[in-house]
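Undergrad: Pasting a structure here, questions to come.
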Amino acid sequence: MSLPLALPRQLSRQQRSGLSSAWRQPLALAGIAIVVSWILLAILAPLIVRGDPLAQDFPRFLPPSPQHWFGTDGVGRDVLTRTIYGARISIPLALLLVSLSLLTGSLLGALAGYFGGLVDELVMRAADLVFAFPTLILAMAVLAALGPGLQNAVLAIVVVAWPAYARVVRGLVMSTRGADYVNATRLLGASARRALVIDVLPNVAGPVLVLATLDLGAAILLLSGLSFLGLGARPPAPEWGSMIATGAQTFNFWWVGTFPGLAILTVVLGFNFLGDTLRDALDPRTSRDIRQRVL
Amino acid sequence: MLLGVGITFVAFVLTHLVPGDPAAANLGQRAIADPAAVAAFRAHYGLDKPLPQQYLIYVANLAHGDFGESQQSHRPVRDDLAEYVPATLELSSTAIAISLVFGIGLGVTAAMNRDRVVDQVLRVITLAGVSMPTFWLALVALYIVFFKLGWAPSGGRLDPGQLPDGHVTGFYTIDALLAGDWPTFTSAVAHILLPASVLALYTVSLLTRFTRASVLEVLGNDYIRAARAKGLPERIVIVRHILRAALVPVITVAGVAFGSLLTGTVLVETIFAWPGIGQYAYRSATNLDLPAIMGVSLFVAVVYITVNFAVDLLYGIIDPRIRVG
Amino acid sequence: MSALLVLDGLSVWLPSREGQVAVVDHIDLEVQPGEVVGVAGESGSGKTMTALALLGLLPPHAVTEGRAVFGDRDLLKINRRELRHLRGRDIGMVFQDPMTSLHPMLTIERQLTEHVRYHRGVSRAEARRDAITMLEEVRIPDPAGALNAYPHQFSGGMRQRIAIAIALACSPQLLIADEPTTAVDVTVQAGILRLFNRLRERSSLSIMFITHDLGVMASIADRLYIFYAGRVVESGPTGDLLTRPRHPYTRGLLDALPHPEGEPMPLRPIAGAPPAPAARPPGCPFHPRCPYMLASCAVDVPTLEPIGGGRRLACPVDPLREAS
Numbered sequence: 250m251s252l253p254l255a256l257p258r259q260l261s262r263q264q265r266s267g268l269s270s271a272w273r274q275p276l277a278l279a280g281i282a283i284v285v286s287w288i289l290l291a292i293l294a295p296l297i298v299r300g301d302p303l304a305q306d307f308p309r310f311l312p313p314s315p316q317h318w319f320g321t322d323g324v325g326r327d328v329l330t331r332t333i334y335g336a337r338i339s340i341p342l343a344l345l346l347v348s349l350s351l352l353t354g355s356l357l358g359a360l361a362g363y364f365g366g367l368v369d370e371l372v373m374r375a376a377d378l379v380f381a382f383p384t385l386i387l388a389m390a391v392l393a394a395l396g397p398g399l400q401n402a403v404l405a406i407v408v409v410a411w412p413a414y415a416r417v418v419r420g421l422v423m424s425t426r427g428a429d430y431v432n433a434t435r436l437l438g439a440s441a442r443r444a445l446v447i448d449v450l451p452n453v454a455g456p457v458l459v460l461a462t463l464d465l466g467a468a469i470l471l472l473s474g475l476s477f478l479g480l481g482a483r484p485p486a487p488e489w490g491s492m493i494a495t496g497a498q499t500f501n502f503w504w505v506g507t508f509p510g511l512a513i514l515t516v517v518l519g520f521n522f523l524g525d526t527l528r529d530a531l532d533p534r535t536s537r538d539i540r541q542r543v544l
Numbered sequence: 305m306l307l308g309v310g311i312t313f314v315a316f317v318l319t320h321l322v323p324g325d326p327a328a329a330n331l332g333q334r335a336i337a338d339p340a341a342v343a344a345f346r347a348h349y350g351l352d353k354p355l356p357q358q359y360l361i362y363v364a365n366l367a368h369g370d371f372g373e374s375q376q377s378h379r380p381v382r383d384d385l386a387e388y389v390p391a392t393l394e395l396s397s398t399a400i401a402i403s404l405v406f407g408i409g410l411g412v413t414a415a416m417n418r419d420r421v422v423d424q425v426l427r428v429i430t431l432a433g434v435s436m437p438t439f440w441l442a443l444v445a446l447y448i449v450f451f452k453l454g455w456a457p458s459g460g461r462l463d464p465g466q467l468p469d470g471h472v473t474g475f476y477t478i479d480a481l482l483a484g485d486w487p488t489f490t491s492a493v494a495h496i497l498l499p500a501s502v503l504a505l506y507t508v509s510l511l512t513r514f515t516r517a518s519v520l521e522v523l524g525n526d527y528i529r530a531a532r533a534k535g536l537p538e539r540i541v542i543v544r545h546i547l548r549a550a551l552v553p554v555i556t557v558a559g560v561a562f563g564s565l566l567t568g569t570v571l572v573e574t575i576f577a578w579p580g581i582g583q584y585a586y587r588s589a590t591n592l593d594l595p596a597i598m599g600v601s602l603f604v605a606v607v608y609i610t611v612n613f614a615v616d617l618l619y620g621i622i623d624p625r626i627r628v629g
Numbered sequence: 074m075s076a077l078l079v080l081d082g083l084s085v086w087l088p089s090r091e092g093q094v095a096v097v098d099h100i101d102l103e104v105q106p107g108e109v110v111g112v113a114g115e116s117g118s119g120k121t122m123t124a125l126a127l128l129g130l131l132p133p134h135a136v137t138e139g140r141a142v143f144g145d146r147d148l149l150k151i152n153r154r155e156l157r158h159l160r161g162r163d164i165g166m167v168f169q170d171p172m173t174s175l176h177p178m179l180t181i182e183r184q185l186t187e188h189v190r191y192h193r194g195v196s197r198a199e200a201r202r203d204a205i206t207m208l209e210e211v212r213i214p215d216p217a218g219a220l221n222a223y224p225h226q227f228s229g230g231m232r233q234r235i236a237i238a239i240a241l242a243c244s245p246q247l248l249i250a251d252e253p254t255t256a257v258d259v260t261v262q263a264g265i266l267r268l269f270n271r272l273r274e275r276s277s278l279s280i281m282f283i284t285h286d287l288g289v290m291a292s293i294a295d296r297l298y299i300f301y302a303g304r305v306v307e308s309g310p311t312g313d314l315l316t317r318p319r320h321p322y323t324r325g326l327l328d329a330l331p332h333p334e335g336e337p338m339p340l341r342p343i344a345g346a347p348p349a350p351a352a353r354p355p356g357c358p359f360h361p362r363c364p365y366m367l368a369s370c371a372v373d374v375p376t377l378e379p380i381g382g383g384r385r386l387a388c389p390v391d392p393l394r395e396a397s
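Protein chains in written order, with our numbering: chain A, 250 to 544; chain B, 305 to 629; chain C, 74 to 397.
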């Protein structure tokens, strides 16, 4: 008797605590606003700022002024132009390397979780190995092996980033593998691969999305850190990390290094705002690995 | 143990995939042109032997505490590590102490004021904390505190001309205290505070967020309601009842956070001229100094594993249910 | 003799998605010194919220109304500090599930003595001696050894005995027991009930015993309050009330119980389910499920009126009279 009444209410409550409410939170809105602005800046850079990020058209070390909002650097390049062009390096590379780690990690994790046994053992031991090294030091070692450069920096970060996805996906696949509805699909005659796609994938998508969003921020931090150390992007490329490294050599002219740093901070903050609210919204279904991941 | 073999293997394979020739990186222009000098260099560092043999030699040497010889400093890597490790340990343990005090304190504050203004503000601040590029923050801090305000020294562990008081612990602050050398102690503290704080910002944020989540989970438990029903003052309820239960997962994260601290040392030590293994790792990586990189990687991995082992032990001390099993 | 505890129109409002909701709605209730008062009702009927309101342990945004006079003080008006000093010292509380109500990481000694030492300022040694006596009182084997143990080393029944010892450690005048027998095995239940009976005989302890189990009530309570949807619908001496229930809801509850000694007869569950606090019907909250409903029941809220013999009833229809 009370059932038909109770059911719709429960459903609506679930919806409210789910995704739709996340978008109404100020933090999520701020995150979206920041990320979208930066993506637009990256795409429209040539239309927004005049000049070439590499052109040494101006006097050296001009302080911020109406002509040069962020001033000019040691060889007379406009810092604003370079900072905005920096987004065209960092954001696409972050997207690329997170996609690569996501694909590699998820695939390995799914295989490990689905087949178990030796496959599982191999993949997870490899993941443990990577976890035993601090990220930057391992990435530095990989970079030292491959040689410095942006492409290799991306590869190095993929090497240190995939295990997180492998762990999360493996855990989720293992927990859904034994679930009744998955067994039901298989009893209906679906192949293992099909069952994986139909039943397991939807359960994995949410948590992996959260992880990837948070990872975008981490990736930009790591990439710019490596470039700062001179192992990633090489000058004169307008990469934020290496711009800061240049600024560090000319302490008197604070604007050279300050603005690229603010750029990193805001982009990463945007992704973290997004990821954080996404995680809250998806919480009941989020795996323990992600809830424990505080970043 | 298995992990140990794995780590040495990975460290070895990684650093031997080098397309760049270490001989080229470490010998001068003129020496490169001289085949005899190159051959001597390779023979000296065992580079002329087949890779599997190089690995076995490396591991056999490791068993004796021999990490090989640095191609830059021409000293045993073990000696280099012995020189730089105390500096890094002093820096990172100061940073982890700062992180624990502030992270747990702020996390409890946020949780007890859930959804109020304090909590919201802390959420934004800690998110900013984990979004901060450490190297940039280090520069900004250095610019403001040293360059503009002149409140802190620019880098290093002591003022020029000052000498540490012996090498009992390798921690300049503690050694100075042991020797009763007040001026050296204050100088050492003044030098370590800024880099340690910069290094700690990320882990403070991390621990604040995690402590908050953990405390909120504990707050919902009946035994906390029971503690309140006993009429205990809030201070005791928080410290003895809530924190005791909430700390177990927080300590796990603190162990993991220690790893990220060591990562941060590479950037922070480079900027603050802190003579530790972070700086050493950076120099080694940019010079393709194989034995040195492997030594650092191994050392750091060992520290990481040790810390996590210690965390497991701590678990048992805090939670009696684990102690029995 | 003046009452130890008097609830006078106690209401508790909790915020919800539908706005403020009264989970406890004008409750009148009395506990005399040395008396065991049973509070019975289905889950969600406001029993636990009533207890938490007395101790000031309601969720942060709860609002209370009315009076709750304990001795000569109104628990709803006194400041937090004063209330805190009453908690644990003058009013003890036992929770439903002993598996979760003891702190898993603190020794029994710590949990049994910390509030005694705080409220009474006694030495550690003295508190420890008292604790051993308390554990003997609740029949824990090897009390001295038990002090150094942790909760997970005891069975559910033993843990509940320890929880009772903790609640009674400061010799409170009033013990609030919230479903203390619900989460333990049936065989253990009987032992716990015997313990409560022994404790009250030995001292002048008053107990507010909350349970949904009328069978348990019959064996422990002197007087009974039947809660429905946040209100008291009927009250009176236990024996009389259970043998001659006057409210249709109480009757329904009793008809839904098996009678092992009596003639076999079919169990009759009450049709429908209790309303959610936010969706309570106007008038008598029970009227949609009531087989004796009158037209006025959907409009007028019945008040709790004395009907003689220490009984009170909130119902215009009297099923007994109707039946005869």
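Built from N, CA and C at the ideal position, the CB exists for glycine as well.
1. Go ahead and pull the three-state DSSP assignment for residue 373 of chain B.
2. Could you tell me whether the segment 205–225 of chain C touches the segment 172–184 of chain C, where touching means 3 or more Cβ pairs closer than 8 Å?
3. Is the number of C-beta pairs between the segment 354–363 of chain A and the segment 532–546 of chain B that are closer than 8 Å three or more?
4. Around the C-beta of residue 613 of chain B, are 16 or more other C-beta atoms found within 10 angstroms, so that it is buried, or is it exposed?
5. If you compare alpha carbons, which of A:513, A:528, A:479, A:405 is closest to residue 332 of chain A?
6. Anything in chain B within Cβ reach of residue 89 of chain C, meaning under 7 Å, just list it in chain order.
7. Rounded to whole angstroms, what's the CA-CA distance from residue 497 of chain A to residue 462 of chain A? Just pull it up for me.
8. In chain C, which residues lie less than 7 Å from residue 526 of chain B when you measure between Cβ atoms?
9. Ignoring anything shorter than 4 residues, give me the alpha helix (DSSP H) runs that lie fully in the segment 438–491 of chain B, in order along the chain.
10. Classify residue 379 of chain C as helix, strand or coil using the three-state DSSP reduction.
11. Which one of C:204, C:304, C:390 has the shortest CA to CA distance from residue 121 of chain C?
12. Enumerate in chain order the residues of its own chain whose CB-to-CB distance from residue 368 of chain C is below 8 Å, with the five nearest sequence positions on each side excluded.
13. Give the straight-line distance between the Cα atoms of residue 245 of chain C and residue 609 of chain B, rounded to the nearest whole angstrom.
14. Nearest chain B C-beta to residue 310 of chain A closer than 9 Å, yes or no?
15. Consult DSSP for residue 191 of chain C and reduce its assignment to one of helix, strand or coil.
16. Would you please state the rounded distance, in angstroms, between the beta carbons of residue 242 of chain C and residue 188 of chain C? I believe it to be under 8 Å.
17. Who does residue 165 of chain C pair with in a DSSP beta bridge?
18. Closest by CA to residue 131 of chain C, which one among C:88, C:314, C:307?
19. Using a Cβ-Cβ cut-off of 7 Å (strictly less than) and excluding sequence neighbours within five positions of residue 556 of chain B, which residues of its own chain qualify?
20. Could you tell me which residues DSSP pairs with residue 488 of chain A in its beta bridges?
21. So, are the CB atoms of residue 323 of chain A and residue 310 of chain A less than 9 Å apart?
22. Is any beta-carbon of chain B found at less than 9 Å from that of residue 433 of chain A?
23. On the DSSP bridge assignment, give the partners of residue 223 of chain C in chain order.
24. Alpha carbon to alpha carbon, how far is residue 349 of chain C from residue 251 of chain A? Give it in angstroms, no decimals.
25. Give the secondary structure of residue 271 of chain A by DSSP, where H, G and I count as helix, E and B as strand, and everything else as coil.
26. Grouping DSSP H, G and I as helix and E and B as strand, with all else coil, what is residue 320 of chain C?
27. Give me the Cα-Cα distance between residue 477 of chain B and residue 453 of chain B, rounded to the nearest whole angstrom.
28. Contact criterion: CB-CB distance below 9 Å. Does residue 558 of chain B meet it with respect to chain C?
29. So, with DSSP's three-state summary, where would you put residue 388 of chain B?
30. Please report whether the beta-carbon of residue 536 of chain B lies at a distance below 9 Å from any beta-carbon of chain C.
31. Cα-Cα, which of A:398, A:383, A:443, A:515 is closest to residue 559 of chain B?
32. In the DSSP assignment, find the alpha helix (DSSP H) that holds residue 380 of chain A and state where it starts and stops.
33. Per DSSP, what are the beta-bridge partners of residue 88 of chain C in this structure?
34. What is the DSSP secondary structure of residue 424 of chain C, counted as helix, strand or coil?
35. Would you say residue 231 of chain C lies against chain B (beta-carbon separation less than 9 Å)?
36. Give me, in chain order, the residues of the same chain whose beta-carbon lies closer than 7 Å to that of residue 128 of chain C; leave out the 5 immediate sequence neighbours on both sides.
TA: Result, derived from the coordinates:
1. strand
2. yes
3. no
4. exposed
5. A:513
6. The premise fails here: residue 89 of chain C is roughly 16 Å from chain B at the closest Cβ pair, so nothing lies under 7 Å.
7. 30 Å
8. 168, 170, 173, 174
9. 438–445, 476–483
10. strand
11. C:304
12. none
13. 51 Å
14. no
15. helix
16. 7 Å
17. C:248
18. C:88
19. 615
20. Bridge partners of residue 488 of chain A: none, in fact.
21. yes
22. no
23. Beta-bridge pairing links residue 223 of chain C to no other residue.
24. Since pLDDT at residue 251 of chain A reaches only 28, below the 50 mark, its modelled position is unreliable, and the value read off the structure follows with that caveat. Each residue's Cα considered, the two are about 10 Å apart.
25. Only weak support exists for where residue 271 of chain A lies, its pLDDT of 48 falling under 50; the coordinates are left without a value.
26. coil
27. 24 Å
28. no
29. helix
30. yes
31. A:383
32. 366–381
33. C:93
34. Here chain C comprises residues numbered 74 to 397, so residue 424 of chain C is not present and cannot be evaluated.
35. no
36. 160, 164, 166
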